[in-house]
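Single-structure report; data block below.
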Amino acid sequence: MVTVIAPGCHVSALTDSFVLGLPQLPTELWIPPKDSYWPAYSPQHLRLRLQQWLAAGPMGHVRAPLDHALLFIGFSAGVVASIGVARWWQAQGGIVKACIAVDGWGVPLYGQFPIHRISHDRWTHASSQLLGGTEVSFYADPGVEHLELWRSPHTTVGVSTAARPQFQPFTSVPRSQPSDQRGDRALQLAGTQITTAQFIHHLLQWYGEIV
Numbered sequence: 019m020v021t022v023i024a025p026g027c028h029v030s031a032l033t034d035s036f037v038l039g040l041p042q043l044p045t046e047l048w049i050p051p052k053d054s055y056w057p058a059y060s061p062q063h064l065r066l067r068l069q070q071w072l073a074a075g076p077m078g079h080v081r082a083p084l085d086h087a088l089l090f091i092g093f094s095a096g097v098v099a100s101i102g103v104a105r106w107w108q109a110q111g112g113i114v115k116a117c118i119a120v121d122g123w124g125v126p127l128y129g130q131f132p133i134h135r136i137s138h139d140r141w142t143h144a145s146s147q148l149l150g151g152t153e154v155s156f157y158a159d160p161g162v163e164h165l166e167l168w169r170s171p172h173t174t175v176g177v178s179t180a181a182r183p184q185f186q187p188f189t190s191v192p193r194s195q196p197s198d199q200r201g202d203r204a205l206q207l208a209g210t211q212i213t214t215a216q217f218i219h220h221l222l223q224w225y226g227e228i229v
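Under the numbering used here, the first residue of the sequence shown carries the number 19, and numbering increases by one thereafter.
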């Protein structure tokens, strides 16, 4: 299992700050190399680099890319790239645990896997409801600036929201966790006031990316 982070159009220091702000890092994390240049919104470029990294494997050991279940965290323009690669990965027979879209306002978020939205204010969250991303989500309250949400997840406080009823939640969660327990955890999270980092940490635990 691999957590893929797809940054937006900004200096790499913001992504470094985002990672440092998380309480615990996933077991295996991949971020596009800092010296790489491509449009942050391009699924094709993100997919090619990800495939190269997965094929190489740790310590040079070759591994089959589709053997890995992926969880995506995209920010801003990176949401476009991450949702595109997630759909492609699943279409090829790979497993997509979930996609976490951080401030992907205006991006249609639909797929046969759980999709969570994180927004920098309540208006952005509310105005995105018709564009998919119906799983348990989060918005900053009080609202913060767009880049601040990515730069400082550990200090941005907000509210988690319940999954919308028309979505079939938890379909891509590992089967080892009983469905009633998954539902209980969702209900416990919904409506609580936490930081962005805590919300993401909960999701990473939920999908088995951290222990």
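Ideal placement from N, C-alpha and C gives every residue a C-beta, glycine not left out.
Specify the secondary structure class of L68 as computed by DSSP and reduced to three states. Here residue 68 refers to the residue found at position 50 when the sequence shown is read from its first residue. It is helical.
Can you give me the C-alpha to C-alpha distance between D139 and S146, rounded to a whole angstrom? The sequence position of residue 139 within the sequence shown is 121, counting from 1. The sequence position of residue 146 within the sequence shown is 128, counting from 1. Rounded to the nearest angstrom, the two C-alpha atoms are 11 Å apart.
Distance between Q130 and K52 (C-alpha atoms, nearest Å): For the purposes of this step, residue 52 is identified with residue 34 of the sequence shown, where counting begins at 1. For the purposes of this step, residue 130 is identified with residue 112 of the sequence shown, where counting begins at 1. In a straight line, the C-alpha of K52 is about 31 Å away from that of Q130.
Check for me: the beta strand (DSSP E) holding F156 runs from which residue to which? The sequence position of residue 156 within the sequence shown is 138, counting from 1. S155 to A158 is the extent of the beta strand (DSSP E) around F156.
For V162, is the classification buried or exposed, using 16 other Cβ atoms within 10 angstroms of its Cβ as the cut-off for buried? Start at 1 with the first residue of the sequence shown, and residue 162 comes out as number 144. Buried, because 16 or more other Cβ atoms sit within 10 Å of the Cβ of V162.
Who are the near neighbours of G39 in its chain, counting only those whose CB is closer than 7 Å to its CB and skipping five residues on each side? One-based indexing of the sequence shown puts residue 39 at position 21. Cβ within range, chain order: S170, P171, H172 and A215.
So, helix, strand or coil for S178, using DSSP? For the purposes of this step, residue 178 is taken as the residue at position 160 of the sequence shown. Here S178 sits in strand by DSSP.
With a 10 Å radius around its C-beta and 16 neighbouring C-beta atoms as the bar for buried, classify Y157 as buried or exposed. Looking up residue 157 in the sequence shown gives position 139. When all chains shown are included, Y157 counts as buried.
Integer-rounded CB distance, given that I118 should sit under 8 Å from H143: Locating residue 143 in the sequence shown gives position 125, where the first residue counts as 1. Locating residue 118 in the sequence shown gives position 100, where the first residue counts as 1. In this structure H143 does not touch I118 by the C-beta definition: roughly 14 Å separates them, more than the 8 Å allowed.
If you draw a straight line from the alpha carbon of H220 to that of S35, how long is it in whole angstroms? Position 202 of the sequence shown, counted from the start, is the residue given in the question as residue 220. Position 17 of the sequence shown, counted from the start, is the residue given in the question as residue 35. If I take the Cα positions, the gap works out to 19 Å.
Is T21 helix, strand or coil when you go by DSSP? Walking along the sequence shown from the start, residue 21 turns up at place 3. If DSSP states are grouped into helix, strand and coil, T21 belongs with the strands.
Looking at the structure shown, is F217 part of a helix, part of a strand, or coil, going by DSSP? Residue 217 sits at position 199 when you count from the first residue of the sequence shown. Three-state result, F217: helix.
Looking at the strands, I want to know which residues DSSP matches up with C117. Position 99 of the sequence shown holds residue 117. According to DSSP, C117 bridges with F90 and I133.
Between F217 and the rest of its own chain, which residues show a CB-CB distance below 8 Å, the 5 nearest in sequence each way excluded? As a working note, residue 217 is residue 199 in the sequence shown. These residues qualify, in order along the chain: I136, F156, G176, S178 and L207.
Please report the distance separating the alpha-carbon of S30 from that of A180. Working through the sequence shown from its first residue, we reach residue 30 at position 12. Working through the sequence shown from its first residue, we reach residue 180 at position 162. Going from the Cα of S30 to the Cα of A180 covers about 32 Å.
By Cβ distance below 6 Å, which residues in the same chain neighbour I23 in space, the five residues on each side in sequence not counted? Position 5 of the sequence shown, counted from the start, is the residue given in the question as residue 23. I49 and I91, listed in sequence order.
I212 (DSSP reduced to helix, strand or coil): As a working mapping, residue 212 is identified with position 194 in the sequence shown. If DSSP states are grouped into helix, strand and coil, I212 belongs with the strands.
Return the bridge partner residues of L47 from the DSSP annotation. Position 29 of the sequence shown, counting from 1, holds the residue named residue 47. DSSP lists T21 as partners of L47.
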